[in-house]
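Heads up: the structure comes next, in structure tokens.
In this note's numbering, the protein residues as written are 1407 to 1865.
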């Protein structure tokens, strides 16, 4: 086993190797995490949980619409077989993002008063018009990131992500020092970070203006229609699955808002979720972006190669997840008041409770990329529907039988965990593995984490 580990370490030096690509991406993600963990305590001492809650409600509008932006045709850029297909897919994605952003601008302009009432902050005023701008920037960034994944330029993606987070947090802190800390500063910081990443990604492309003109000239309506049909599974299955997952992720926020919980509770939940997402960005998102093209290569060699790669990845992610999230569940409530301030104690409790959800999401994220490779997006969509049904059941329990936010988040976290387990089992089923060992390992992990969380948070 030790020699196998050394062999994997040596592969870091091999240009284009999977281990090297993961190492490059993880390096930048570690820097992102360092920036966020260093600057987040400063942000939480400048902005109250209530202001953070307003920002979370704005994000609950932005993120789902961003996922619809390109109809997920941007995901298909990685698997395009010809340059013409790639160019057509890029232009189709850009056109759809532009149309989505314009439509969002019209809706936000017309429903300005309703949106301000929803977020509970009339002071935002016309700043809510930044919503479509952020959506547009996010969509274009997504396209550029997938182009870099296709070309295996992982360092560009890593650096742009690092710069986006550093510039966004720095802006938010600078805003609070120059004027009263309000949700406007958090929203403007989000936009500033997106613009920074966008400019860096565009700057990494030589003669970007000329290439864009050539892209338009070389692409016809017939070629756009062709790739729209060729990759129709992405808008039919991947987009709805991502959209539903996004909405379901924000269900506690919608629930807290509907039940008239204080903005401070929403803010605490939002901070807890965002910090756990940082952990997922460190490894699962890195592995997912790199394993996708790697899985395509493995499948082209043989299905046995793909099966072997998926099996190794599963165990690596499961062991890492168990270690990371057990530690987080045990320490969060102790660490949070010290690091982020006494007003954020509730966020530490929420982190501990949410660990069971994020532990299985940690494993599911990279594994689910295989659905695209074996063209089983329909199952992923069905799995997402089942996951939503479980979450709706959790909401029903929360509304009728649960009295406080701790129990509400626990039930939501448990159902989310089951939602992540379904696609993991599905992948191994389609790859014709014997499921007994996989199911047993997932069940043991679930029982262990659930026991730890209950003992700590429900004494």
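Glycine is no exception: its CB is placed at the ideal position from the N, C-alpha and C atoms.
| query | Excluding the five sequence neighbours on either side, which residues of its own chain have a C-beta within less than 8 angstroms of the C-beta of residue 1557, listed in chain order? | reply | none
| field | Residue burial classification, residue 1842 (beta-carbon count within 10 angstroms, cutoff 16) | value | exposed
| task | Check whether the segment 1721 to 1737 touches the segment 1797 to 1814, counting contact only when three or more Cβ pairs, one atom from each stretch, lie closer than 8 angstroms. | result | no
| query | Under the three-state reduction of DSSP, which class applies to residue 1810: helix, strand or coil? | reply | Residue 1810: coil per DSSP, three-state reduction.
| Within this structure, are the beta carbons of residue 1738 and residue 1754 separated by less than 8 angstroms? | yes
| request: Answer with buried or exposed for residue 1532, where buried requires no fewer than 16 other C-beta atoms within 10 angstroms of its C-beta. | output: exposed
| field | Rounded separation between residue 1539 and residue 1507 - CA only | value | Their backbone Cα atoms lie some 7 angstroms apart in a straight line.
| request: Output yes or no for whether 8 angstroms exceeds the beta carbon distance between residue 1658 and residue 1477. | output: One thing to note: residue 1658 has its Cβ no nearer than 8 angstroms to the Cβ of residue 1477.
| request: Assign residue 1564 to one of two classes, buried (16 or more other C-beta atoms within 10 Å of its C-beta) or exposed (fewer than that). | output: buried
| For residue 1486, the first and last residue of its enclosing alpha helix (DSSP H) | Segment: none, residue 1486 is in no alpha helix (DSSP H) and carries neither H nor E.
| query | Roughly how many angstroms lie between the CA atoms of residue 1578 and residue 1820, to the nearest whole one? | reply | 33 angstroms
| task | Pull up the CB-CB distance for residue 1495 and residue 1483, whole angstroms please, since I reckon it's below 8 angstroms. | result | 5 angstroms
| query | So, helix, strand or coil for residue 1557, using DSSP? | reply | coil
| message | Could you give the first and the last residue of the continuous alpha helix (DSSP H) run that contains residue 1749? | response | Premise fails: residue 1749 is in no alpha helix (DSSP H) and is neither H nor E.
| task | Please list, in chain order, all residues of the same chain as residue 1460 whose beta carbon is under 6 angstroms from its beta carbon, the five residues on each side excluded. | result | 1525, 1527 and 1589
| field | Limits of the unbroken alpha helix (DSSP H) element including residue 1677 | value | Here the alpha helix (DSSP H) through residue 1677 covers 1669 to 1688.
| query | Thinking just about the alpha-carbon of each residue, which of 1710, 1682 and 1705 is nearest to the one in residue 1758? | reply | 1682
| message | So for residue 1640, helix, strand or coil by DSSP? | response | helix
| task | Starting from the C-beta of residue 1575, find all residues in its chain whose C-beta is less than 6 angstroms away, skip the five residues before and the five after it, and write them out in chain order. | result | So the qualifying residues of the chain are 1445.
| request: Please list, in chain order, all residues of the same chain as residue 1827 whose beta carbon is under 8 angstroms from its beta carbon, the five residues on each side excluded. | output: 1766, 1770, 1848 and 1852
| request: Determine the DSSP secondary structure at residue 1454, reduced to helix, strand or coil. | output: coil
| said: With H, G and I counted as helix, E and B as strand and the rest as coil, what does DSSP make of residue 1416? | reply: With a pLDDT of 47 at residue 1416, under the threshold of 50, the modelled position of this residue cannot be trusted; read the value that follows with caution. The answer is helix: DSSP assigns residue 1416 an H, G or I state.
| request: Please classify residue 1454: is it buried, with 16 or more other beta-carbons within 10 angstroms of its beta-carbon, or exposed? | output: Counting Cβ neighbours within 10 Å, residue 1454 comes out buried, since at least 16 surround it.
| said: Quick check on the DSSP output: the alpha helix (DSSP H) that includes residue 1532 runs from which residue to which? | reply: Run containing residue 1532: none; DSSP gives neither H nor E here.
| request: Inspect the beta-carbon positions of residue 1668 and residue 1457 and report whether they are closer than 8 angstroms. | output: no
| query | Smallest Cα separation from residue 1691: which of 1717, 1787, 1748 and 1775? | reply | 1775
| said: Please classify residue 1517 as buried or exposed, where buried requires at least 16 other C-beta atoms within 10 Å of its C-beta. | reply: With fewer than 16 Cβ atoms within 10 Å of its Cβ, residue 1517 is classed as exposed.
| message | Can you tell me where the alpha helix (DSSP H) holding residue 1617 begins and where it ends? | response | 1614 to 1624
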